[in-house]
Structures are given as C-alpha cells and as structure tokens.
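Under the numbering used here, the first residue of the sequence shown is numbered 474, with each subsequent residue one higher.
Yeah, the Cβ is synthetic: ideal placement off N, Cα and C, and Gly gets one too.
Okay, so here's the structure we're looking at.
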Amino acid sequence: MTDTARPAAGPDRRTDLGRPFRLLWASTAASNAGDGIARTLLPLLVVAHHPDPAAVAGLTTVNMLPWLLFALPAGVLVDRVDRRLIVLGSNVVRAAALLAAALVLADDRPLALLYALAFVLGVAETLADTAAPAMLPRLVDERQLERANGRLSATQTVLNEMAGPPLAGLLVGLASAAAMAAGGTMYALAALPLLGLAPLVRAGRPEGPSGERGGMLRDIRAGLGFVLGHRTLRLTLAASALYGLVFSATFSMLVLLSDRALGLDGTGYGLLLAAGSVGAVAGSWLAPRAADRLTTVRLARWSLVASGASYAVLGLVRQPVLAALVLAVNGVFMMGWNIPVMSLRQRLTPEELQGRVMSVSRLCSWGSMPVGATLGGLLAATLSVPAVFVVCGTVLALGALLLLATLHEDPVPPAGTCPHDDLLDKG
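Below you can see the structure in the form of structure tokens.
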C-alpha cells in the first residue's frame, strides 16, 4: 500500500505538475464544458416540448440512474483495462451521441429520445468520472495530489457550473441543434489530449482463470471488502454519504428559500448559485495550501463541520447579500472537505483497487442524493423551508464530529515498512 504520510522534508511546492497532468487537465476542461452545456440543454428541451413536472423530474432520474446501476461494475472495468482508453472512449461516445442528436432531433424531440440521450450521457459519465480520478496517482507525484485535485475541481466548477450553463442558454436561444453540436464538439476535443498520454496498462487482473463466471461479482466484493475493512475509508465514505444527503436536501430547497425567505427573483437565485461557485473556486485554490499546514483529517473534519454550520446559518439569514456571502464561504469549506479526502483515498488505495474504491465513493455520494432531496421536501412540508437548512446543517456538523472524531494522524512509519490501516497523510 502507498505510504500515506508526507516525507520529513515537507511538502513539494512545485507548481508544475508535469505534461501528463496537463493533458488530463485539458481533457477534463473540455469535457466539463460539454457537461455544463448538456446538463442545461436537456432540461430546457424537455420543458420546451414536454412541459410537465413529471417529465422534467424523469429526465434527472434517467440521467442519474447509471450511477446506481453501473457504478460498481464501472469500478471493476477501470481496474481491469487501460483507464486512459475508458476516459477517451467515454468522451467519444458522448460526442457522437450529441452530434447525432443535433441531426436526429432537429425538428421533432420525442421525450423517449431525450431520455435515451440522457441515459447514454449518464453511462459515459459514470465510466469517465470513475476512471479519471483513478488515473491521477499514476500521473502526478503523491505529494502533489492535493494541488492536482484542486486544479481539476476549480476547472470543473468554472466550466461545468459557471460558463457552460450560460453558453447553453445562449445557444438554445439561437438553435437547439447548435447547442447540441457545441456540446458534442467539446467532448470530441476532450478526447484529443488523451491520445498524447502513454497507455496506462492494466493495474491488476481479477483472481482466478480469465473469463470465469462470477469474476465481476468477485471483484466487486473485493472492492467493497477493502473499503468496509479499512477504517479510514469506511468512516470518510460514511461522512461523504451524509454530506450527499444534506447537500441534496438543501440544494433542492434553495430555490424556495431564495423566493420565500429572501424575496429574490430568478436573476437573484442565479446570483446565489454563482456566489457558491465562486467560493468553490476559491476553495479549490486554498485547500491544497491549507493541506501544506494542516493534517488531512483535521482539515477535512473541520471543513465539514464548518460547512454544516454554514447551512444552518443560511436558514437563519434574511438578507440576500449575507446569504450570498454564506454560500460563498460554504463553497470554500466544501472544497476543504472534497479535495483532501479525495487525495487521501487515492493515497490509501492500492493501484489495483483505485477504480473500485472511486466507484464506491461516487456511489455513496451520488446514491444518497435522491434520498436527501426527498427528505428535504418532507422537512419543508412538516416544518418550513428555512428549517431544512438549520436542521440539515446541524446534523452535518454533529455527524462530522461523531464520524471523524476517532480518526487521528499517526507518526511517519520507518522506511520500508507497510503503513497501518489508519495511517493518514501528514499534509
């Protein structure tokens, strides 16, 4: 297993993460621009041609369904074959799907075809988003994982959440086919930098004869067994699942909080979302630097507690400017949790299990979101919309303390020894 403690000499502060990372970053930037366009475009098309709330909700369900159906098998695939080719192929499939849709759906937009497009994009995203983080430990020095994850997170926030949606809205205003073609083009561009990466050969093979029945299930059980048997991974994944519940419960109610408690119109709501994104970008820059001074668990634990406190405060404020400030601060703390914990998982996981651990991580985070959105609606109906934020924020803060209180940083092990299960990064 990889040594999870920093060298005694201290963190490596080089800013150049190397050509392989730059190629992955360029691919990530283009694909996230495509994500931002596609995720805005499809709901707009459904609303324009099938203005039924159930149809719109169904689109989200269909798009997220692959995470529930294929996350664990995707992790096995990522651990068996060239991860670079998985990301490359996923981008090619998304490009082809959107470019074909630009032609097929030019005049008529049947709901079934829009759903099919959303499902195909969801399957490809499941594979790409499992393989890409599993590639990272092979592309950068272990001491640079926080900086690499921070740059990827900032790129995702800017292009997926800040630039992509307005561009999609502008293009849809001109022609929906142009928006689809633009999204497809971005995915095609995302595939090109990966051609410059050296093949990432198979990290490991499943035990037993090739092609033996039950191989997939055996590999899934091995991945789950590693996570459940590893105390640090188990507790941080439980915290991630809790965060997914709270995030989806509060985010689903944010539009109502904006309207009822803050008195904002659609433009004001958009500005609230932008404030959170700006905070996340700032957090993507700050978190790696904080990781140079704080231990991973301490940074992650208190960032999660502070994020919970931010949600609780958001339910109490009634001034729009103050609410935007709280959302921006929460964005910083979100990255203060996400980036160190992602880097920690990459360090703690053997090379041959990277894909499966990443798939379990995404399943915990994304799989809890539909449940969280439902709970948010029930809480709002039972109590009030602001109460959703106060209750969920308090639960997150207390839950983070309880789940992560027993984790601690052990001293650096002697050279050549295998770290203990609970040995954590000293960054």
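key: Sequence-distant residues of the same chain with beta carbon closer than 6 Å to Met815, five excluded per side   = In the sequence shown, counting from the first residue as 1, residue 815 sits at position 342. Here the set comprises Asn622.
request  = Run the CB neighbour count on Glu680, radius 10 Å, all protein chains shown included, and call it buried at 16 or more, exposed below.
outcome  = Walking along the sequence shown from the start, residue 680 turns up at place 207. For Glu680, the predicted model reports a pLDDT of 46, less than 50, meaning its position is unreliable; a value from the coordinates is still stated below. Burial call: exposed.
task = For the segment 693 to 707 and the segment 826 to 835, state whether three or more C-beta atom pairs, one from each stretch, are separated by less than 8 Å.
result = yes
query = For Leu744, which of Val770, Ala797, Pro843 has the nearest alpha-carbon?
reply = Residue numbering aside, residue 744 sits at position 271 when the sequence shown is read from its first letter. If we check each option's Cα against that of Leu744, Ala797 comes out closest.
inquiry  = Can you list, in chain order, the residues of its chain with a C-beta nearer than 7 Å to that of Thr513? Leave out the 5 residues immediately preceding and following it.
reply    = Here residue 513 is taken as the residue at index 40 of the sequence shown, counted from 1. Cβ neighbours of Thr513 beyond the five flanking positions: Gly637, Pro638, Ala641, Gly642.
request  = Report yes if the C-beta distance between Leu869 and Gly781 is below 8 Å; otherwise report no.
outcome  = Translated into the one-based positions of the sequence shown, residue 869 becomes position 396. Translated into the one-based positions of the sequence shown, residue 781 becomes position 308. A contact, by the Cβ cut-off of 8 Å.
ask   = For Arg774, is the classification buried or exposed, using 16 other Cβ atoms within 10 angstroms of its Cβ as the cut-off for buried?
value = Residue mapping note: residue 774 aligns to position 301 of the sequence shown, counting from 1. Counting Cβ neighbours within 10 Å, Arg774 comes out buried, since at least 16 surround it.
Where Leu612 falls: helix, strand or coil (DSSP) = For the purposes of this step, residue 612 is taken as the residue at position 139 of the sequence shown. Helix at Leu612.
Buried versus exposed call for Thr705 [16 or more other C-beta atoms within 10 Å across all chains shown] = Residue 705 sits at position 232 when you count from the first residue of the sequence shown. With 16 or more other Cβ atoms within 10 Å, it is buried.
key: Helix, strand or coil at Pro682 [DSSP, three-state]   = Stepping through the sequence shown from its first residue, residue 682 is reached at position 209. Bear in mind that the predicted position of Pro682 carries a pLDDT of just 39, short of 50, making it unreliable; the figure below should be weighed with that in mind. Three-state DSSP puts Pro682 in coil, outside helix and strand.
ask   = Among the residues of its own chain, which have a CB less than 8 Å from the CB of Leu729, if the five just before and after it don't count?
value = The count along the sequence shown starts at 1 and reaches residue 729 at position 256. Closer than 8 Å at Cβ, skipping near neighbours: Ala853, Val858.
message = Cutting at 8 Å between CB atoms, please list the residues of its own chain near Arg818, excluding the five before and the five after it.
response = Working through the sequence shown from its first residue, we reach residue 818 at position 345. The residues are Leu706, Thr709, Val830, Met831, Ser834.
task = Measuring alpha carbon to alpha carbon, tell me which of Ser504, Leu800, Gln792, Val613 ends up nearest Ala779.
result = Translated into the one-based positions of the sequence shown, residue 779 becomes position 306. Nearest of Ser504, Leu800, Gln792, Val613 to Ala779, Cα basis: Leu800.
task = Locate the alpha helix (DSSP H) running through Leu717, then write down its first and last residues.
result = Working through the sequence shown from its first residue, we reach residue 717 at position 244. It should be pointed out that residue 717 corresponds to Gly in this sequence rather than to Leu. Here the alpha helix (DSSP H) through Gly717 covers 704 to 729.
task = Flag Thr723 as yes if its beta-carbon sits less than 8 Å from any beta-carbon of chain D, otherwise no.
result = Protein chain content of the structure displayed is limited to a single chain, and chain D is not contained in it.
Whole-angstrom distance between Asp555 and Pro672, CA atom to CA atom = Here the question's residue 672 lines up with position 199 in the sequence shown. Here the question's residue 555 lines up with position 82 in the sequence shown. C-alpha separation (whole angstroms): 7 Å.
key: Proximal residues to Gly657 (C-beta, below 6 Å), its chain only, five neighbours per side dropped   = What you label residue 657 is simply residue 184 of the sequence shown in a count that begins at 1. Within the same chain, Gly657 has close Cβ partners Ala568, Leu571, Leu572.
request  = For Asn803, collect the residues of the same chain with a Cβ closer than 6 Å to its Cβ; drop the 5 residues on either side in sequence, then sort them by chain order.
outcome  = Here the question's residue 803 lines up with position 330 in the sequence shown. Hits under 6 Å: Ser780, Ser783.
ask   = Three or more C-beta pairs closer than 8 Å, one from the segment 582 to 600 and one from the segment 784 to 791: is that the case here?
value = no
ask   = What number of angstroms, rounded off, separates the C-alpha of His523 from the C-alpha of Ser838?
value = Against the sequence shown, residue 523 aligns to sequence position 50. Against the sequence shown, residue 838 aligns to sequence position 365. Near 30 Å, if we compare the C-alpha coordinates of Ser838 and His523.
message = Taking only three categories from DSSP, how would you classify Ser626?
response = On the sequence shown, position 153 is the one that residue 626 refers to. Helix.
Where Gln792 falls: helix, strand or coil (DSSP) = As a first step, residue 792 must be located in the sequence shown, where it is residue number 319. In the structure shown, Gln792 sits in coil (DSSP, three-state: anything other than H, G, I, E or B).
message = Just verifying my parser: in three-state terms, what is the DSSP assignment at Gly677?
response = Taking the first residue of the sequence shown as 1, we reach residue 677 at position 204. Residue placement at Gly677 is flagged as unreliable, the pLDDT there being 46, under the threshold of 50; a coordinate-derived value is accordingly withheld.
key: Inter-residue Cα distance where the pair is Ala753 and Ala574   = If you number the sequence shown from 1, residue 753 lands on position 280. If you number the sequence shown from 1, residue 574 lands on position 101. So the two alpha carbons sit approximately 33 Å from each other.
key: Extent of the continuous alpha helix (DSSP H) run through Ala860   = The residue you call residue 860 lines up with position 387 of the sequence shown. That run of the alpha helix (DSSP H) goes 858 to 877.
task = Look up Arg820 in the DSSP assignment and say whether it is helix, strand or coil.
result = Your numbering for residue 820 matches position 347 in the sequence shown. Three-state result, Arg820: helix.
Assigned exposure category for Pro682 - 16 Cβ within 10 Å defines buried = In the sequence shown, counting from the first residue as 1, residue 682 sits at position 209. Per-residue confidence for Pro682 stands at a pLDDT of 39, beneath the threshold of 50, marking its modelled position as unreliable; the derived number appears in the next sentence. Exposed, since its Cβ has fewer than 16 Cβ neighbours within 10 Å.
Own chain, CB closer than 7 Å to Trp498, minus 5 neighbours either side, in chain order = For the purposes of this step, residue 498 is taken as residue 25 along the sequence shown, with counting starting at 1. Here the set comprises Arg624, Leu625, Thr628.
ask   = Excluding sequence positions up to five away, which residues of its chain have a Cβ less than 6 Å from the Cβ of Gly491?
value = Start at 1 with the first residue of the sequence shown, and residue 491 comes out as number 18. Within the same chain, Gly491 has no close Cβ partners at all.
query = Are the beta-carbon atoms of Ile812 and Ser757 separated by less than 8 Å?
reply = Numbered from 1 along the sequence shown, position 339 holds the residue referred to as residue 812. Numbered from 1 along the sequence shown, position 284 holds the residue referred to as residue 757. Contact: yes.
task = Would you please state the rounded distance, in angstroms, between the beta carbons of Ala747 and Met635? I believe it to be under 8 Å.
result = Position 274 of the sequence shown, counting from 1, holds the residue named residue 747. Position 162 of the sequence shown, counting from 1, holds the residue named residue 635. About 7 Å separates the two Cβ atoms, so the contact holds.
Outcome for Thr768 when other beta-carbon atoms lying within 10 angstroms are tallied against a minimum of 16 = Here residue 768 corresponds to residue number 295 of the sequence shown, with the count starting at 1. Label assigned to Thr768: buried.
key: First through last residue of the alpha helix (DSSP H) which encompasses Leu497   = Residue mapping note: residue 497 aligns to position 24 of the sequence shown, counting from 1. Segment 492 to 522, the alpha helix (DSSP H) holding Leu497.
query = Which residue from Gly872, Leu737, Met807 puts its Cα closest to that of Val751?
reply = Position 278 of the sequence shown, counted from the first residue, corresponds to residue 751. Out of Gly872, Leu737, Met807, Met807 has the C-alpha closest to the C-alpha of Val751.
ask   = What's the C-alpha gap between Pro546 and Asn564?
value = Working through the sequence shown from its first residue, we reach residue 546 at position 73. Working through the sequence shown from its first residue, we reach residue 564 at position 91. Whole-angstrom Cα-Cα distance: 19 Å.
task = Could you give the DSSP three-state label for Asp602: helix, strand or coil?
result = Within the sequence shown, the letter at position 129 stands for residue 602. Helix, per DSSP.
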